[in-house]
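Protein sequence lines, in the order shown, are assigned to chains Z and Y.
Numbering-wise (this note's numbering), the first sequence opens with residue 5 and increments by one.
Numbering-wise (this note's numbering), the second sequence opens with residue 198 and increments by one.
For every residue, glycine included, the Cβ atom is placed at its ideal position computed from N, Cα and C.
Small disclaimer: the values here were computed from a predicted structure and weren't measured.
What follows is one structure encoded as structure tokens, with my remarks underneath.
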Amino acid sequence: MNNIQIAIIGAGPAGLSAALELKKLGYDDLLVFDREDEAGGTPRHCGHLGFGMFEFKRVLSGPDYAKKLAKLAIDSGVNIKLKSTLTKVENGVLTFSTPEGIKQYKPTCTLFALGARETPRPDRLVSGTRSPNIITTGTLQRFAYLQKIKPFNKAVIIGSEIVSFSAIMSAKHAGIKIEAIIEEKDEIDSFCVIKYMVKYLLKIPVLTNTKLKNINGEDKKVTSVSVSTDEGEREIPCDGVIFTGQFIPESSIMQKSFDDFNFSNNSLYISQNFQAKDDGFFVAGNALRGALAAFKCYFEGKKVAKNIHDFIRFKHQPELIKIEADENISWYYPSMIDLKSPTKQHLTALRLKKRAKGAIKVLLNGRMIYKKNIHAFPFMSINIPWKDIELKPQDVIKLEFVNN
Amino acid sequence: MESINLNHLFPTKTSNFTKDEIFDVAVVGAGVVGCAIFKEFCEQGAKTVLVEKANDILDGASKGNSAILHTGFDAPPDTLEHKCVQRGYEEYMKIKDDYNLPFLNTKALVVAWNDEQLGKLDAILQKGLGNGVKELDLLTHEQIIKREPNLSLDAKGAILVHGESLIDPWSAPLAYVKKGINCGGKIAFSHEVKDGHYNGKYWELQTSQKPINAKVIINAAGLYGDIVDKIKGTQDFKIIPRKGQFVIFDETAYNLINSIILPVPTKRTKGVVITKTAFGNILVGPTAEDQESRTDSQTVKETLEDLKNKAFHMLPALKNHKVTATFAGLRPASDEAYYRVSINDEKNWITAGGIRSTGLTSSLGLAKHIFELHDTRYEKSPKADEKVTVPNISEFAPRDNQKEGYGKIVCHCECVTEREIKNACHGELGAGNVGGLKRRTRAMMGRCQGFNCEAAVTQICKNEVKNHE
Ligand SMILES: Cc1cc2nc3c(=O)[nH]c(=O)nc-3n(C[C@H](O)[C@H](O)[C@H](O)COP(=O)(O)OP(=O)(O)OC[C@H]3O[C@@H](n4cnc5c(N)ncnc54)[C@H](O)[C@@H]3O)c2cc1C
Ligand SMILES: Cc1cc2nc3c(=O)[nH]c(=O)nc-3n(C[C@H](O)[C@H](O)[C@H](O)COP(=O)(O)OP(=O)(O)OC[C@H]3O[C@@H](n4cnc5c(N)ncnc54)[C@H](O)[C@@H]3O)c2cc1C
């Protein structure tokens, strides 16, 4: 067992920027761990452009961005342990599986920067055949950009979050024809310029109000999908299906290891300082609540570094109250308020699961203290302002959304 | 960009015998039943060939089941099924350590959720005792909750069945076949038996590849048992495939229960089960749906939702966990509710058909039973006592990633190493298709379903297959 000061799990934008910042702040007893054999995180396989504008004032491809981040970290002396999979957290001890055997560390402070994944087919409970050709955007990207493999010839894309645009670009790169984008909701799940780009520039049909009914085919081979609209059912021939979006944090390890888990966010309860209830544990980046753009995770990494710095310097012991949310809310951050920390501008920020018109309410011990009428899209963050109210340690805060 | 489809990556396996060879025994079908029979006959010294139409073992009913090693407490009394389940269980216990096969005695609770079911518990208990299963206890509501604190408070009473246990449904048959080969047995993969002729001395089987000759045929063709049986001239039963859909939850749910949760059985099925699996998940299912098709193992959204809701009712905390996989298995049920095992002495044809919902447990017992039916003496294989092991992929024992030098972990969700994937691609018993690869390693079977590893797994397999051409 090794005692170390800081362990960062995940060498993606969040983990690496936190490491860089901590290094700047003078921390040397710091290790970054990643289960992959290369640092950089998810951008490593996002082969298209769209990274680095805010961090580096340049437009980079995902892999170039990942390389740049990794190089910056290594050049400034950050020690990155690759091929190290965190498999257990118990009594503050982290257990890793590595090719050199099982390794254990006991850090003073641990940052989970584990990223997120898309929801694959099973958790969506889709009818039909099973096949390796039913994949997610992430899988497609790894095929197209990392392994240079074309797994199938023509596919449909399920879901229209912004990541479906990545799926189109990755498919194009691999030479896969996209037959249609299928969206259950009555409009696409990202800014509507995307819709026009897809429809008119790329000439890919965007089928809203359309349900995926069945993946047809024999065992192990996809032949088509059946979709249904108000007008009836039809078949779209294809040999691949790409499920996109519905990101969830890569949080199983946290769920397994900590008693208090926030099921709304699929992550730990986290204060405005990115701090968990358990002493010395922090979470940042997509591991907090699903997908944001890489630059946001990068800046979050910098912030959490400062909080870790404070925690170590001042032995900061937070006084925490939880914020709960109802099922209309897809995620919110922070999910705890640290009463001992300087007041922030916002109580919390949230996103809705679906586009909706209605009222967002904040209840304090069951009493409404804030209400705002909104018309929000699922990709828009809604800020709840910090009201000048006194919060006490036993208080219970709840977020509710009521449809009009 | 190279077009590669993981489905078609694995080359067709070749067999290492000639068409003139005359075997003592040909076992048709490499499901768990065929694999166990193959092992038994090979150990006993019979010159045996295992003939399978797929390019791997376990391509039919045996690929998707609940993986419970049953005690037979609820088996139809005094039937062959009852006898073979108990004998199969005993045999498994005898050999599991030698083969490095996992076993976890979780015990099972047959839970009554209403007064009607509660009223049936005593009959189940009596039946169990009558079946020779002595370790049974009646539990009160309080005792259930003490044992299973996460179970719904609606649980009224239960029977605790001490012997019910979990095994790895894929490694066990693999071990059986490996043992058979070690004792001199041969395998013909990708050989579909199409027809046959008995010339008075031996059978000449026509297959999709070369013909195969054997003095005795054992039909263990599972879902195709009735079709293969026609070859002998008469057809005594009809297979009615019975689909069972499953929902598998993430490893985060693993500790929600201790025991297998069984319902009070109805006439048609044992009902919906909640159990841990050897791979660290929670399994919910199976349904029991009769159908015509022998291949259609599609899942149906509404059915999966229904399974989930039923499970949430019994185990409310399960709601907070993600679904890792959904799949369906097909039971080779027949037009009667018992095993269709028979011997035709004139034609030297043995049928092991209709092994519906207990075959994983009973196979080793059934194999012994069939060998006794066959009633021919062979000189026992000198290698019958030699140890043969298979790699452990279960969570009940240390896995490859706990041993150094594994290269790297490729499938992160299931902790599958590069070494495991490479090894699974090799040799006579290497993976013959993508399903076979999954069943040997668990790669791509976790919560991300290949988000992280499918591309890398494809690349590794491609290279391995190429290097060994
Ligand atoms: C298909 C796709 C397209 C995208 N396109 C864009 C885009 O165009 N522009 C943009 O700004 N953003 C894009 N993003 C989002 C961007 O990639 C993420 O926001 C960003 O990578 C999140 O950073 P992170 O550090 O939180 O997590 P990640 O980058 O995901 O890094 C997490 C790291 O943690 C490691 N890890 C996880 N669990 C363990 C464990 N148990 N042990 C050890 N290591 C572990 C992982 O291996 C990984 O390297 C895209 C994402 C996807 C999936
Ligand atoms: C949903 C479900 C849950 C279950 N749960 C349990 C459990 O918990 N415990 C338990 O003990 N049992 C369980 N079972 C039962 C068990 O899985 C079956 O009894 C067993 O798999 C039957 O095996 P088999 O070898 O007879 O058939 P199969 O596995 O179908 O094997 C037959 C083989 O023959 C091959 N074949 C067919 N035709 C030909 C031909 N013409 N030429 C060559 N080869 C051919 C097929 O490809 C196949 O590989 C369950 C089954 C299901 C479906």
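By DSSP, does I668(Y) sit in helix, in strand, or in coil? With chain Y running from 198 to 666 in the structure shown, residue 668(Y) is simply not present.
Is any beta-carbon of chain Z found at less than 8 Å from that of D447(Y)? If you number the second sequence from 1, residue 447(Y) lands on position 250. With 8 Å as the cut-off, D447(Y) counts as an interface residue toward chain Z.
Go ahead and label M198(Y) buried or exposed: buried means 16 or more other beta carbons lie within 10 angstroms of its beta carbon, across all protein chains shown. In the second sequence, residue 198(Y) corresponds to position 1, counting from 1. It is exposed - the Cβ of M198(Y) has fewer than 16 other Cβ atoms within 10 Å.
Buried or exposed by the 16-neighbour rule on C-beta atoms within 10 Å, applied to V245(Z): As a first step, residue 245(Z) must be located in the first sequence, where it is residue number 241. With 16 or more Cβ atoms within 10 Å of its Cβ, V245(Z) is classed as buried.
Please name the residue, chosen from T227(Z), T133(Z) and K87(Z), that lies closest to K158(Z) on a Cα-to-Cα basis. For the purposes of this step, residue 158(Z) is taken as residue 154 along the first sequence, with counting starting at 1. Nearest of T227(Z), T133(Z) and K87(Z) to K158(Z), Cα basis: T227(Z).
Residues of the stretch 88–120 of chain Z in Cβ contact with chain Y at a cutoff of 8 Å, in chain order, please. T89, T91, S101, P103, E104, G105 and I106
For E611(Y), the nearest candidate out of N377(Z), R39(Z), D283(Z) and F383(Z) (CA to CA): Locating residue 611(Y) in the second sequence gives position 414, counting from the first residue. Checked all of N377(Z), R39(Z), D283(Z) and F383(Z); the closest Cα to E611(Y) is R39(Z).
I'd like to know whether the C-beta of H609(Y) is nearer than 8 Å to at least one C-beta of chain Z. Taking the second sequence and counting its residues from 1, the one referred to as residue 609(Y) is at position 412. Interface residue, yes.
Mind listing, in chain order, the continuous alpha helix (DSSP H) runs of no fewer than 4 residues lying wholly within the stretch 551–578 of chain Y? 556–571
Return yes when the C-beta of A653(Y) is under 7 Å from any heavy atom of ligand 1, and no when it is not. Counting from one through the second sequence, the residue named residue 653(Y) turns up at place 456. Incorrect: A653(Y) has no Cβ contact closer than 7 Å to ligand 1.
Members of the stretch 469–488 of chain Y that neighbour chain Z once the beta carbon cut-off is set at 8 Å: none
What is the residue span of the beta strand (DSSP E) that E328(Z) lies within? Walking along the first sequence from the start, residue 328(Z) turns up at place 324. L324 to A329 is the extent of the beta strand (DSSP E) around E328(Z).
Rounded to the nearest angstrom, what separates N620(Y) and R146(Z) at their Cα positions? For the purposes of this step, residue 620(Y) is taken as the residue at position 423 of the second sequence. For the purposes of this step, residue 146(Z) is taken as the residue at position 142 of the first sequence. Approximately 23 Å, taken between the alpha carbons.
What three-state label does DSSP hand A380(Y) in the structure shown? Mapped onto the second sequence, residue 380(Y) falls at position 183. As written in the sequence, residue 380(Y) is Cys, which differs from the Ala given in the question. In this structure, C380(Y) counts as coil in the three-state DSSP scheme.
From which residue to which residue does the alpha helix (DSSP H) around E218(Y) run? On the second sequence, position 21 is the one that residue 218(Y) refers to. Run containing E218(Y): none; DSSP gives neither H nor E here.
Select from the stretch 508–540 of chain Y all residues with a C-beta closer than 9 Å to any C-beta belonging to chain Z, and list them in chain order. K516, N517, H518, K519, V520, T521, A522, T523, F524 and A525
Assuming contact is defined by CB atoms lying nearer than 8 Å, are I471(Y) and L512(Y) in contact in what I supplied? Here residue 471(Y) refers to the residue found at position 274 when the second sequence is read from its first residue. Here residue 512(Y) refers to the residue found at position 315 when the second sequence is read from its first residue. Contact flag set, yes.
Near K412(Y), what residues of its chain come up, given a Cβ to Cβ distance below 8 Å and the 5 sequence neighbours on each side ignored? Taking the first residue of the second sequence as 1, we reach residue 412(Y) at position 215. Excluding positions up to five away in sequence, the list reads I219, F220, D221, V222, K398, Y399, W400 and N545.
Please tell me whether K27(Z) and L34(Z) are closer than 8 Å, where the distance is taken between their beta carbons. Translated into the one-based positions of the first sequence, residue 27(Z) becomes position 23. Translated into the one-based positions of the first sequence, residue 34(Z) becomes position 30. For K27(Z) and L34(Z), yes; Cβs fall inside 8 Å.
Could you tell me which whole alpha helix (DSSP H) segments of length 4 or greater appear in the stretch 22–100 of chain Z? 66–79
Separation of I342(Y) from Q151(Z), as counted between CA atoms: Taking the first sequence and counting its residues from 1, the one referred to as residue 151(Z) is at position 147. Taking the second sequence and counting its residues from 1, the one referred to as residue 342(Y) is at position 145. Each residue's alpha carbon lies about 51 Å from the other.
Rank E569(Y), D365(Y) and L561(Y) by C-alpha distance to the C-alpha of E288(Y) and give the top, closest one. For this step, residue 288(Y) is matched to residue 91 along the second sequence. Residue L561(Y) is the option with its Cα nearest to E288(Y).
What residue ranges within the stretch 198–242 of chain Z form continuous beta strand (DSSP E) runs of no fewer than 3 residues, ordered along the chain? 215–220, 228–233 and 236–241
Helix, strand or coil at D342(Z) [DSSP, three-state]: Indexing the first sequence from 1 puts residue 342(Z) at position 338. Reduced to three states, the DSSP call for D342(Z) is strand.
For R528(Y), verify whether its CB is less than 7 Å away from any heavy atom of ligand 2. As a working note, residue 528(Y) is residue 331 in the second sequence. Yes, Cβ of R528(Y) sits closer than 7 Å to a heavy atom of ligand 2.
Quick one: does L272(Z) have its CB under 8 Å from some CB of chain Y? In the first sequence, residue 272(Z) corresponds to position 268, counting from 1. It does not: the Cβ of L272(Z) has no partner Cβ on chain Y nearer than 8 Å.
Taking just the CA atoms, how far does D271(Y) sit from A264(Y)? For the purposes of this step, residue 264(Y) is taken as the residue at position 67 of the second sequence. For the purposes of this step, residue 271(Y) is taken as the residue at position 74 of the second sequence. Roughly 16 Å between the two C-alpha positions.
How about G627(Y) and R616(Y): do their beta carbons lie closer than 8 Å? Walking along the second sequence from the start, residue 627(Y) turns up at place 430. Walking along the second sequence from the start, residue 616(Y) turns up at place 419. No; because the gap between Cβ atoms is not below 8 Å, this pair is not in contact.
For the putative contact between G289(Z) and G30(Z), defined by C-beta atoms under 8 Å, what is the C-beta separation to the nearest angstrom? Start at 1 with the first residue of the first sequence, and residue 289(Z) comes out as number 285. Start at 1 with the first residue of the first sequence, and residue 30(Z) comes out as number 26. Contact flag wrong, Cβ pair sits at about 23 Å.
Could you work out which residue in S554(Y), A243(Y), T276(Y) and T303(Y) is closest to V229(Y) when comparing CA atoms only? Position 32 of the second sequence, counted from the first residue, corresponds to residue 229(Y). If we check each option's Cα against that of V229(Y), S554(Y) comes out closest.
Please name the residue, chosen from S490(Y), K440(Y) and I552(Y), that lies closest to F524(Y) on a Cα-to-Cα basis. Your numbering for residue 524(Y) matches position 327 in the second sequence. Of S490(Y), K440(Y) and I552(Y), the residue nearest in Cα terms is K440(Y).
K154(Z) touches chain Y at which residues, Cβ-Cβ below 8 Å? In the first sequence, the residue the question calls residue 154(Z) occupies position 150. The contacting residues are M198, E199, S200 and I201.
Report buried or exposed for M642(Y), applying the criterion of at least 16 other Cβ atoms within 10 angstroms of its Cβ. The residue labelled residue 642(Y) in the question sits at position 445 within the second sequence. It is buried - the Cβ of M642(Y) has at least 16 other Cβ atoms within 10 Å.
Pairwise C-alpha distance: D68(Z) and L298(Y): In the second sequence, counting from the first residue as 1, residue 298(Y) sits at position 101. In the first sequence, counting from the first residue as 1, residue 68(Z) sits at position 64. Approximately 46 Å between the Cα atoms of the pair.
Are three or more beta carbon pairs between the stretch 582–599 of chain Y and the stretch 374–387 of chain Y nearer than 8 Å? yes
Leaving out the 5 sequence neighbours to the left and right, which residues in its chain are closer than 6 Å to K260(Y) when beta-carbon positions are compared? If you number the second sequence from 1, residue 260(Y) lands on position 63. If we look at K260(Y) and ignore the five residues flanking it on each side, it has no Cβ neighbours.
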